[in-house]
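>
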Amino acid sequence: MKVRIKFKKYGVLRFIGHLDVMRHFQKMMRRAEIPIAFTGGYSPHMIMSFASPLGIGLTSDGEYADIELSAPVQSEEAIRRLNAVAADGIEIVSFRQISEEKKMTGMAIVAAADYLVCDRECMTCFGEHTFLKHAASGIEEEPGTCQAAATKASPFFEDWEDYLTQFAAQEEICVRKQTKRSEANVDIRPMIYRLEARENAIYMQLAAGSVKNLKPNLVMDAFFTFAKAQKNQEVSVPLACHRLELYADMGNETEQNLVTLESLGEAIK
Amino acid sequence: MRKLALNDEILLKIEKPARYIGNEVGSVMKNLNEVEVRFAMCFPDVYEIGMSHLGIQILYDMFNQREDTWCERVYSPWRDLDQIMRERHIPLFALESQDPIKNFDFLGITLQYEMCYTNVLQILDLSGIALHAAERTKDDPIVIGGGPCAYNPEPLAEFFDLFYIGEGETSYDELLTCYKEYRDAGKSRREFLERAAQVPGIYVPQLYEPSYHEDGTLAAFTPVSPHAPRTVKKQVAMDITHATYPLKPVVPFIKATQDRVVLEIQRGCIRGCRFCQAGMIYRPTRERDVEVLKEYARAMLENTGHEEISLNSLSSSDYSCLEELVNFLIEEFQDKKINIQLPSLRIDAFSLDVMSKVQDIKKSSLTFAPEAGSQRMRDVINKGLTEEDILEGAGQAFEGGWTKVKLYFMLGLPTETEEDMKEIARLCDRVARRYYEIPKEQRNGKCQITASSSFFVPKPFTPFQWATMCTSEEYVRRAALVKHEFMEQLNRKSLKYNWHEADETILEGVFARGDRRTGKVIEEAYRLGCLFDSWTESFDYQKWLAAFENTGVDADFYTLRERSTDELLPWDFIDIGVTRKFLEREWERAVRAEVTQNCRQQCAGCGAAGFGGGVCFEGKN
Numbered sequence: 583m584k585v586r587i588k589f590k591k592y593g594v595l596r597f598i599g600h601l602d603v604m605r606h607f608q609k610m611m612r613r614a615e616i617p618i619a620f621t622g623g624y625s626p627h628m629i630m631s632f633a634s635p636l637g638i639g640l641t642s643d644g645e646y647a648d649i650e651l652s653a654p655v656q657s658e659e660a661i662r663r664l665n666a667v668a669a670d671g672i673e674i675v676s677f678r679q680i681s682e683e684k685k686m687t688g689m690a691i692v693a694a695a696d697y698l699v700c701d702r703e704c705m706t707c708f709g710e711h712t713f714l715k716h717a718a719s720g721i722e723e724e725p726g727t728c729q730a731a732a733t734k735a736s737p738f739f740e741d742w743e744d745y746l747t748q749f750a751a752q753e754e755i756c757v758r759k760q761t762k763r764s765e766a767n768v769d770i771r772p773m774i775y776r777l778e779a780r781e782n783a784i785y786m787q788l789a790a791g792s793v794k795n796l797k798p799n800l801v802m803d804a805f806f807t808f809a810k811a812q813k814n815q816e817v818s819v820p821l822a823c824h825r826l827e828l829y830a831d832m833g834n835e836t837e838q839n840l841v842t843l844e845s846l847g848e849a850i851k
Numbered sequence: 145m146r147k148l149a150l151n152d153e154i155l156l157k158i159e160k161p162a163r164y165i166g167n168e169v170g171s172v173m174k175n176l177n178e179v180e181v182r183f184a185m186c187f188p189d190v191y192e193i194g195m196s197h198l199g200i201q202i203l204y205d206m207f208n209q210r211e212d213t214w215c216e217r218v219y220s221p222w223r224d225l226d227q228i229m230r231e232r233h234i235p236l237f238a239l240e241s242q243d244p245i246k247n248f249d250f251l252g253i254t255l256q257y258e259m260c261y262t263n264v265l266q267i268l269d270l271s272g273i274a275l276h277a278a279e280r281t282k283d284d285p286i287v288i289g290g291g292p293c294a295y296n297p298e299p300l301a302e303f304f305d306l307f308y309i310g311e312g313e314t315s316y317d318e319l320l321t322c323y324k325e326y327r328d329a330g331k332s333r334r335e336f337l338e339r340a341a342q343v344p345g346i347y348v349p350q351l352y353e354p355s356y357h358e359d360g361t362l363a364a365f366t367p368v369s370p371h372a373p374r375t376v377k378k379q380v381a382m383d384i385t386h387a388t389y390p391l392k393p394v395v396p397f398i399k400a401t402q403d404r405v406v407l408e409i410q411r412g413c414i415r416g417c418r419f420c421q422a423g424m425i426y427r428p429t430r431e432r433d434v435e436v437l438k439e440y441a442r443a444m445l446e447n448t449g450h451e452e453i454s455l456n457s458l459s460s461s462d463y464s465c466l467e468e469l470v471n472f473l474i475e476e477f478q479d480k481k482i483n484i485q486l487p488s489l490r491i492d493a494f495s496l497d498v499m500s501k502v503q504d505i506k507k508s509s510l511t512f513a514p515e516a517g518s519q520r521m522r523d524v525i526n527k528g529l530t531e532e533d534i535l536e537g538a539g540q541a542f543e544g545g546w547t548k549v550k551l552y553f554m555l556g557l558p559t560e561t562e563e564d565m566k567e568i569a570r571l572c573d574r575v576a577r578r579y580y581e582i583p584k585e586q587r588n589g590k591c592q593i594t595a596s597s598s599f600f601v602p603k604p605f606t607p608f609q610w611a612t613m614c615t616s617e618e619y620v621r622r623a624a625l626v627k628h629e630f631m632e633q634l635n636r637k638s639l640k641y642n643w644h645e646a647d648e649t650i651l652e653g654v655f656a657r658g659d660r661r662t663g664k665v666i667e668e669a670y671r672l673g674c675l676f677d678s679w680t681e682s683f684d685y686q687k688w689l690a691a692f693e694n695t696g697v698d699a700d701f702y703t704l705r706e707r708s709t710d711e712l713l714p715w716d717f718i719d720i721g722v723t724r725k726f727l728e729r730e731w732e733r734a735v736r737a738e739v740t741q742n743c744r745q746q747c748a749g750c751g752a753a754g755f756g757g758g759v760c761f762e763g764k765n
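Protein chains in written order, with this note's numbering: chain H, 583 to 851; chain X, 145 to 765.
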C-alpha cells in the first residue's frame, strides 16, 4: 500500500538540508513503528521518496513524502504516532493512501509549487501560515525576524507592489542561470505561473519538478534587478521564503489543471 | 522563546548550519527559572565528532537527571564560523539554550586526544573566558577537564580550574552540591576550589607547585594548600550494571561519525597490552549484566530510531556473555532491518560465524590488530596474538568468502629492530599466501590485504611510560623501510601499505608526557593560529615548530630523553589503582620479551584488585 505524507517544516528545521530530513524521517518511522516496506537485497532500505527537495533556509507548509507500507495503518493513528516522535519543526499534516501506479509518485508528478516570499526584516503579515504564525507569536527563533519586524514598517522598498505588477507584466524575463558547467541566458517567464503581492509578501506559483523547476530566489533576484534599473537604486533585502504547497498537473497538453499532491490521496480509515 | 545565537545570514553562509542550532530529538530543554546549576559540556572538536562520543552522552543524561541542573552541549565551531565569531564578537554559545557559555556555572571539557589542545583554548577564547585559570573571576564558569588525557593534566594545568580524574559517574554529585552550597553562601572562587580539592578524584592544579632539577627533570610536586591531597585517586564506577546509562541519547540531524546506538558492554580490558593506556586506566575490567544490556538495546533502538547498533568495549571477545548477547540481537532485531556492528572482535570461528550473519561478506573487510610484525615484538608489547592465530583466523575467513583483510601495526615500539619492521610486510604476505592456497576455482579473484601503521606514542600509566621515542626523520625512515619490504614480497600486488604522518606523532609525544612547562607551547601555537590539529587539512607543523622556538621549550627533552624508573613523572601524583611497581615490572619484562598472562588466566598483581570488584573477584564469591 502506497501512502503520501504531507508535512510542515518550520523553525530551526529550516537549516536541516533535504538529505538530513530524509534521515530524520527514517528514524521517525522506526520510532513511531510505522510498518514501512523495505527494498530487498543485502542492504535493504525503506521505500520512501520525497516529492521535491526544499532548499536550506526555506520553511514549508506543503512538503510531501511517499512511502510504501507492509501492513495498513489508520491515517489518524499514523499521524498521531509520527507527531509524537517528530522533532520540533516537523509536523505531519496528512497520511493518505495513493495510487499504486509507479508514474504517480510525488516525485514523478510534481509540476508546480506555491511560495510566499517576505522581507526578513519586516514580517508582520501572513496570518495562518506556520512560518508567520511562529514569527507573530514570538516562537520564531531568528533574532533578526520578530524584533526587526517592528523596526521596518513596510517590506521590501517603496512602491514595491507597482514594480511587481510591471515586472510580472513582462513577456520575457531573462536571467543568467548557472548550470553545473556553464552559464546561460534563460527566459524564466514561462515558468512563473502566478506572481502577485499578497499583503506584505510576494506570492508566486512556479514550475517545479524534474522537467522544469524554478526557485523563488531566482525570481526575486530578477525582480530586484528589474526594480533597481527602474529606480536607479539598490533595492534588494534579505528574504525569507516559505513554500505553501506542491501541485501535480492533471490537465492535458493544452490546459494546465493543478491539483495539490495531497488531494490525490484518500484517508485510511 | 528560543532564539538562535546566529542569524540567518550567518547560518546560510557557513558549512553545515545544523551543527549549531540544537533542537535534536533527545536534547534536553529546561526552564531556566527552575535550575540552579548550568553545566556546559564540551567536546573540543567539530559537532559530528563530538556527538559520537559515548562518555558525553552518559554525563549529559546523568546531569540532566538532576532537577537542579541543566546540562547543555557545546562543540568547536568549525573554521568558517570561528572566523565570523571573532570578526563580529559573537560569544560562544551552548546548543540548547543558545546562551553564552560565559553565563554558565561550569564548563566541562572532555580531553580525548592531545591534538585537541589548541581547540580547548579556542573554546575558552571564543567564550570570553580568561585562558589562565589564575586570572578568572567569580563571573567565569568553573572550567573542568576530564577524559583519558586528564590522566596527565599537566600540559593543560594553567588553563583548567579543576580536573576530574576517572569515571564521571561517581563524584559529580558531590561536586555540584558543594558548588551550590559555596556559591549560595557567597564564598570566593578560591574557597570553592579548595573545597573541591577534597572531593575524591578532583585535582586543582592551582593548589600544587612543581619544582625542577637542573637537568630539567621534575624534582618535586607539592601541594601548596593544606586542602590539597598529596595524591588524587582515580574514580571508578564499580557496579556498571546499575550505573546510569543514556537510554534516550541525543539523535543528531546530520550524520555523526557514530550514527548508531552504542551499547557499552564492559569497561576495562583483561589483556594488558603494554602500550595501551585504556587497558591500564580502566582497570579493573567490569562487565555489564547481559539481561540489562538486552533491555537497553531494545529501549535505545525504540527511542532513537537508529538502524544500527554497535557493541562498545576495548575487547568484545572477552565479554563473557557475548554469544548470548549477539544471538539475542540477531534474533530480535534482524528482521527489523537493524544492522549489528561488532568492532574489536578477535577473529575466530565464532566471530566469523556471527559476522557472516550480520554483514555482506563480499563488501566487508576483516580487521586484525597484530600491532607488530614479529612474534618477538608482539611479546614485547604483550599482545597475546600469535602468528598462528592470525593465519588461522584469516584462513577461516578466506574460506568463508571474505577477500579483504585489514591489519593494523605500530612502528617505533621499544626495542624495535629492522628485522621486526620488515616482518610487518612478510606477515602480510603470509596472510596473502594463505589466501592463494585455496584452489583457484573456489576463491573469489584476488585478495586485498591492507596494512596501516601508526607511530607509537608512549602514554602515562603504561609500562612504556619510560620509553624513548624517535625523531621525525627516523619514523619516516622506518616507514620507508617497511614500504620497501612490501615491494619485495611475492604477493605485492595484493598488498597495500599506508602509514600515518610522523610530525603529529612528535607533538602527541610531547603533550602525552609533558609537564606544566609545555602549556606555554600550546598557548603560543594557538596564538600563531593552530586549530583543529587532528585534521590533516588544518595541521600546520611549521607553526608548531615556531611555537617551540618562541617559548624556548625543547621537544626532544620530552620525546627523545631516556627516562629512568627513578625519575619523578609529572603524573605520579595520580593514583590509578594500578601500582607504579607493577608498571616497572612490566617494563622490565617487556625489554626481555616476556609475556604476562591476562587477568583471567592469572592475576599479575597490578593493584586494581584494591577497588574490590570486577574481574579481580570473578568466581570468588
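Even glycine gets a Cβ: it sits at the ideal position worked out from N, Cα and C.
Which of the three DSSP states, helix, strand or coil, is assigned to W715 of chain X?
Here W715 of chain X sits in coil by DSSP.
> Grab the span of the alpha helix (DSSP H) containing T641 of chain H for me, first residue to last.
T641 of chain H -> not in any alpha helix (DSSP H); beta strand (DSSP E) instead, spanning 641-650.
> Taking 8 Å as the CB-CB cut-off, is Y624 of chain H touching chain X?
For Y624 of chain H, the answer is yes, since a Cβ of chain X falls inside 8 Å of its Cβ.
> Write down the C-beta distance between E706 of chain X and T615 of chain X rounded to the nearest angstrom, noting that I regard them as a contact closer than 8 Å.
That pair is no contact at about 14 Å.
> Is there contact here, the segment 213-221 of chain X with the segment 174-188 of chain X, by at least three beta-carbon pairs under 8 Å?
Yes: the two stretches touch, three or more of their Cβ pairs being nearer than 8 Å.
> What does the Cβ neighbour count give for E532 of chain X, buried or exposed, with the cut at 16 atoms within 10 Å?
Exposed, by the Cβ-count rule.
> In chain H, which residues lie less than 9 Å from F397 of chain X when you measure between Cβ atoms?
What F397 of chain X touches in chain H: L595, F597, I598, G599, D602, V603, R605, H606, A669.
> With distances taken Cα to Cα, identify the nearest neighbour of L634 of chain X among X:K687, X:K627, X:R574, X:F692.
Of the listed residues, the one whose Cα sits closest to L634 of chain X is X:R574.
> What residues in its chain sit with their C-beta under 6 Å from that of E302 of chain X, if we drop five residues either side in the sequence?
Closer than 6 Å at the Cβ level, and outside the excluded window around E302 of chain X, lie H276, G663.
> Entirely within the segment 211-242 of chain X and at least 4 residues each: give me those alpha helix (DSSP H) ranges in chain order.
You should have 223-232.
> Among the residues of its own chain, which have a CB less than 8 Å from the CB of I629 of chain H, if the five just before and after it don't count?
If we look at I629 of chain H and ignore the five residues flanking it on each side, its Cβ neighbours are I618, A619, F620, T621, I649, E650.
> Does N167 of chain X get closer than 8 Å to chain H when you measure Cβ to Cβ?
Judged by the 8 Å Cβ criterion, N167 of chain X is in contact with chain H.
> So which residues of chain X does P820 of chain H contact, with C-beta pairs closer than 8 Å?
What P820 of chain H touches in chain X: D152, E153.
> Name, going along the chain, the residues of the segment 156-180 of chain X whose beta-carbon falls closer than 8 Å to a beta-carbon of chain H.
Going along the segment 156-180 of chain X in chain order, one finds L156, P161, A162, I165, G166, N167, E168, V169 with a Cβ nearer than 8 Å to chain H.
> Could one say the Cβ of D476 of chain X lies closer than 8 Å to chain H's Cβ atoms, at least one of them?
The residue you asked about is not Asp; residue 476 of chain X is Glu in the sequence shown. Not one chain H Cβ lies under 8 Å of E476 of chain X.
> Nearest-angstrom Cα distance between A732 of chain H and R223 of chain X?
With a pLDDT of only 47 at A732 of chain H, under 50, the local geometry of the prediction cannot be trusted, and the value read off the model is given with reservation. Rounded to the nearest angstrom, the two C-alpha atoms are 34 Å apart.
> Let me know if E567 of chain X comes out buried or exposed under the rule of 16 or more other beta-carbons within 10 Å of its beta-carbon.
By the neighbour-count rule (16 or more Cβ atoms within 10 Å), E567 of chain X is buried.
> According to a CB-to-CB cut-off of less than 8 Å, which residues of the segment 637-653 of chain H neighbour chain X?
Flagged, chain order: I638, G639.
> With respect to 7 Å, is the separation between the Cβ of I346 of chain X and the closest non-hydrogen atom of the ligand NAD below this value?
Ligands are entirely absent from the displayed structure, and the ligand NAD is therefore not among its contents.
> Output yes if chain H places a C-beta closer than 8 Å to the C-beta of E192 of chain X; else output no.
Closer than 8 Å: no.
> Are any of the Cβ atoms in chain X nearer than 8 Å to that of K810 of chain H?
Judged by the 8 Å Cβ criterion, K810 of chain H is not in contact with chain X.
> Roughly how many whole angstroms lie between the Cα atoms of C707 of chain H and D701 of chain H?
Low per-residue confidence applies at C707 of chain H: pLDDT is 44, beneath 50, and the placement is therefore not dependable, though the value from the model is reported in the following sentence. Their Cα atoms are separated by approximately 10 Å.
> Using a beta-carbon distance below 8 Å, is D504 of chain X in contact with chain H?
D504 of chain X counts as touching chain H.
> Within the same chain, show all residues whose beta-carbon is closer than 7 Å to that of G671 of chain H, passing over the 5 residues directly before and after it, in chain order.
The answer, listed in chain order, is K591, Y592, G593, V594, L595.
> Output yes if chain X places a C-beta closer than 8 Å to the C-beta of R613 of chain H; else output no.
It does; some Cβ of chain X falls within 8 Å.
> By the criterion of Cβ-Cβ separation under 7 Å, what are the contact partners of K481 of chain X in chain H?
Within chain H, the residues near K481 of chain X are F620, P626.
> I'd like to know whether the C-beta atoms of L391 of chain X and M444 of chain X end up nearer to each other than 8 Å.
Result yes, Cβ atoms of L391 of chain X and M444 of chain X sit closer than 8 Å.
> Under 7 Å, CB to CB, which of the residues in the segment 691-704 of chain H have a partner in chain X?
Hits within the stretch, in order: R702.
> Nearest-angstrom Cα distance between V348 of chain X and D305 of chain X?
About 6 Å.
> How would you call F806 of chain H, buried or exposed, if buried means at least 16 neighbouring beta carbons within 10 angstroms?
Its Cβ being crowded by 16 or more others within 10 Å, F806 of chain H is buried.
> Look up F397 of chain X in the DSSP assignment and say whether it is helix, strand or coil.
Looking at F397 of chain X - three-state DSSP - the assignment turns out to be coil, as it is neither helix nor strand.
> To be precise: take each residue of the segment 784-801 of chain H, compare its Cβ to all Cβ atoms of chain X, and keep it if any distance is under 9 Å. Which residues remain?
Listed in sequence order: no entries.
> Assign R418 of chain X to one of three DSSP states: helix, strand, or coil.
Here R418 of chain X sits in coil by DSSP.
> Of all the CB atoms in chain H, is at least one closer than 8 Å to the CB of G758 of chain X?
It does not; no Cβ of chain H falls within 8 Å.
> Please list the terminal residues of the continuous alpha helix (DSSP H) segment that includes F252 of chain X.
Rather than Phe, the amino acid found at residue 252 of chain X in this sequence is Gly. No alpha helix (DSSP H) holds G252 of chain X; the beta strand (DSSP E) holding it covers 250-254.
> With distances taken from CA atoms, which of X:F477, X:M424, X:F726 is nearest A441 of chain X?
Checking every option, the nearest Cα to that of A441 of chain X belongs to X:F477.
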